[in-house]
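**Q** One structure is given below, represented as structure tokens, and several questions about it will come after.
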Amino acid sequence: QVLAPILVILASHELGHIIIAKKNKIETTSLIPTFLPMFGNLPLLGTLTRIKSSPQNFNSLFDFALLGPLLGFLSSFLFLGIGLFATKAAMEVDSGSAAQYLPALPVSVLNLSTLGGSLMDYFFAG
């Protein structure tokens, strides 16, 4: 349940790089990015897409550098929304027993960020 969203976020990030590389005719190492392993709790650290040929201009390099993180951010924001909706639904169905099985994160951690606090206020009404 946790690994699938991480893989989708990584895939969307790399897809952004691949789309711009094909559009601007930038040669990359392969169509499938290299997965970087990590030892610990998560099975991978990230992915790597190497550029073989220089981009034609700085705009195409900027597009290549920007679209990957932008798509990764959008997909991670989507999964955040899905998680908040699922949490809210679990809290509404059964106020005691279902919510105890959800992963716990102190609300004070989310309120450290303006975005996190605003999302908590929006989804959980203050």
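Throughout the sequence shown, residue numbering follows the working numbering, covering 4 to 129 in sequence.
Virtual Cβ for every residue (Gly too), placed ideally from N, Cα, C.
Pick out the complete beta strand (DSSP E) segments inside the region 14-56, 3 residues or longer, and give them in chain order.
**A** 37-40 and 47-51
**Q** For a quick check, are the C-beta atoms of residue 75 and residue 33 less than 9 Å apart?
**A** Their beta carbons are not under 9 Å apart, which means residue 75 does not touch residue 33 by this criterion.
**Q** Quick check on the DSSP output: the alpha helix (DSSP H) that includes residue 121 runs from which residue to which?
**A** Per DSSP, the unbroken alpha helix (DSSP H) holding residue 121 starts and ends at 117-127.
**Q** How should residue 35 be labelled, buried or exposed, when 16 other C-beta atoms within 10 angstroms of its C-beta is the threshold for buried?
**A** exposed
**Q** Where does residue 112 sit, in a helix, a strand or coil, going by DSSP?
**A** helix
**Q** Does the region 17-30 touch the region 56-66, meaning 3 or more C-beta pairs lie closer than 8 Å?
**A** Contact holds: three or more Cβ-Cβ distances are below 8 Å.
**Q** How many Å lie between residue 55 and residue 85 at the Cα?
**A** 37 Å
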